[in-house]
Each structure stands twice: as C-alpha cells, then as structure tokens.
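Okay, so the sequence shown: first residue is 288 according to this note's numbering, each after it adds one. Note that CB positions come from ideal geometry on N, CA and C, so glycine has one too. The structure presented is a predicted model; accordingly, all values stated were derived computationally and were not measured. Please read the structure below before turning to the comments.
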Amino acid sequence: MQELAIVILNWNGLSWLQQFLPVVVAHSPKNTVVVADNASTDHSISWIEEQQPEVKIIKLDNNYGFAEGYNRALQQLDVQFALLLNSDVEVSNNWVEPLLATMKQNPNLAACQPKIKAFQDKTKFEYAGAAGGFIDHLGYPFCRGRIFDNLEEDKNQYDDATLVFWTSGACMLVRMAAFKEQHGFHPGFFAHMEEIDLCWRWQNQGYQLGYCPDSVVYHIGAGTLKKLSPFKTFLNFRNGLWMLFRNLPKKGFWINIFLRLCLDGVAGLQFLAKGQFKHTWAIIKAHVYMYQHVSTWLKERKQLNNKHAPRDHHTIFSGSLVMQAFVLGRKKFSDLHWVRKD
C-alpha cells in the first residue's frame, strides 16, 4: 500500500491541465500524481500521455461529476491518504508535507485542507475553502476569510492550525480508512456541498477536520461550472437542503428546514429583482425536487442514524449567518459573534 496519491478529477479541463499539472508534478516529486478522467472529449488524455507520461491516468466511462467521479477513482487506488485536488489549482513548493504531517499528528482527523488563496489576486482568500470551512445551523457555509461573497485579504490573521467544520473539495487530504467507512461522497449530489455533507457525517461519527496554514495553494474557482450558472444555483440550493435532511439533529429539525426554505425564497426574490430569472427558477426547481423526494430523504436520514448527532458542534455557528452578514453588516469571520463550546 502506498502512503499517498495526489488525485485530480478532470472533465474537459485540458486548458487547466496544461497550465497547472506540470506545476503539481514539479512540486510533488515524492508522490504519485493521478488524473481521474470523467470521459473527457477534449484530448485531455492524449495530452497527458504525450506531455506528462509520469502521471497515472484512471479512465472513467462517463461524466460522474465530482462526487461519484472521485468515489470511483479512489476505489482503484490502494493508499493510506488521497490528496484531492481541483484541476484549476496552482500548488506551491512544499505543499504536501505539512498536510501529511498534520494528519499523522492527529489520527482522529478524517481530512485536512491547506490555506486556499485566490489565483487572480494572491493577496486574498479564495471562495471555496479560504482558511477552513464552517457552517451555521441553517446550513449556510462560510470560511475563515470568506463570508458569502466577501473575501478578506490575507494578513496572516488565520495562520493558526485549527479544527474546522468542513474542508474544501478544491484541495483536501483525506484519510482513506475514514473515507471508506462513510462510503465516500454522496453520489446523488453530483457536485457542490458533497464535501460538507461528508465532513458532517464524519463529525457525527466522532472524527475531526483540520486546517493547515503551512500549506498554501491558489485556486481559480468556477473552473468547470461558471460562477453564475443556473445549474450551479440549482445544485447549491438542492444539495444544501439535502445535506440538512441527512445531517441535522432531531431537535429543531423541521423548524430549521422551514426557516431555510423561507430564506431560499428571499434569495429567489433577489435574483428576480436583478432580472436573473433563470436563477430564481433554479431555486424553485430545487424546492420542487425536495418535495418530490422528501420521503426518500427521510429514509436516508433514518438509515444514517444521526439521532444522537450533537447540535452543538463547536464548529457550527449557532446564530444566523444571513442575519449577521446582511442585517448587522458583519462581513468578516472575526466580526461574527460566536458562542463556542470547545
């Protein structure tokens, strides 16, 4: 069994591979680099074979999305740790070693992530992960360094290693034993929120998640789905609800679901006011999907047996992120008023 493999999931991402894969190979001389390809049609495979022959290729027979694509790829590897990396990420020198050391020092960590900064402006944190992920009780994710769309400048304010609620799928080192225990990502999610769902399930089983500031990467973001894609809006809202159904504790469950539906409605009206009708429709479709599948979701919830899941994870924000950010104007992680239980 190998200790570690770096696994990049690809779907028609030839331009990203050409730009970033040579950098990954150059900065990871001791590690196996794997590209798992979701049946690309843009000559990604032939380019890797010709230009980066040292990279191992796993050819999948369809576009399975992020969740099932990684599930299928990781099933084919015999490793202790898998370092999942988006194809649109630039890594830096010595980026692997601190992550691996973090996992070895704490055997209760299921996964950890590096500091993720914006490729376009390397002074700022990046949306998908920043300095570690958190969540509020209504399922709104945020990060140290990012509240909704507000990105903080990195002034070394988050250079402390700490426990987090979720680690970013853009770059996360996963302990494969823990990954297999939970049967990986939920394949139905396809893309978006699947890593948060998995991290929540891990914590409900007693695992922890970590942030390692000594490793730094730079993420472009929206490399596969455009930032304002209606399909991405649908996935975010549908998967957010699905994640809550699967993981929320029993106490206050239906109240939280109702409040989340109401706030989704407000978001839909905001899109409507901006003339972004397709995004409003995407939220409506997400809610319709929930009503159509609510019985199935409740069965999933029962099977997960989360009735003893703690409501007071110290990494869950007990207040409302929407209230904090949009009503009280608190746009930075350090501005949030926490009631934390360590």
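- In terms of CA proximity to arginine 617, Phe429 leads the group Phe429, Leu396, Ala417.
- About 14 Å separates the CB atoms of serine 331 and asparagine 373; that is not less than 8 Å, and the two are not in contact.
- For phenylalanine 521, the enclosing alpha helix (DSSP H) covers residues 517–534.
- One Cα belongs to valine 294, the other to isoleucine 344, and the distance between them is close to 10 Å.
- Between leucine 608 and alanine 573, the C-beta gap is not smaller than 8 Å, which leaves the two residues out of contact.
- For proline 316, the three-state secondary structure derived from DSSP is coil.
- The segment 309–328 and the segment 431–442 do not touch, with fewer than 3 CB-CB distances between them shorter than 8 Å.
- The beta-bridge partner set that DSSP reports for glutamine 400 consists of Tyr498.
- Taking aspartate 365 as the centre and dropping the five residues before and after it, the same chain places the C-beta of Met288, Gln289 closer than 7 Å to its C-beta, in chain order.
- In this structure, aspartate 446 lies near proline 500, with their beta-carbon atoms less than 8 Å apart.
- Taking C-beta atoms under 8 Å as the contact rule, valine 320 and valine 310 fail to qualify, at a distance of about 11 Å.
- Isoleucine 544 is not a Cβ neighbour of glycine 555, given a cutoff of 8 Å.
- Taking all protein chains shown into account, tryptophan 487 has 16 or more neighbouring C-beta atoms within 10 Å of its C-beta and is therefore buried.
- The beta carbons of arginine 533 and leucine 591 sit about 6 Å from each other, so the pair counts as a contact at 8 Å.
- Contact holds between the segment 452–471 and the segment 490–507, because three or more Cβ pairs, one in each stretch, are under 8 Å apart.
- Bridge pairing for arginine 462: Phe368 [DSSP].
- The segment 468–485 makes contact with the segment 349–357, as at least three CB pairs between them are under 8 Å.
- By alpha-carbon distance to glutamine 495, the top candidate from Leu623, Ser605, Gly419, Gln444 is Gly419.
- For histidine 506 against alanine 457, the beta-carbon gap comes to about 5 Å, under 8 Å, which counts as contact.
- Cα atoms of alanine 569 and aspartate 348: separation of roughly 28 Å, rounded to the nearest angstrom.
- In the DSSP assignment, cysteine 430 is bridged to Gly420, Arg433.
- Restricting attention to Met530, Ser502, Thr449, the CA atom closest to the CA of glutamate 482 is found in Met530.
- Scanning Gln557, Gly497, Ile603, Ala560 for the CA closest to the CA of proline 536 turns up Ile603.
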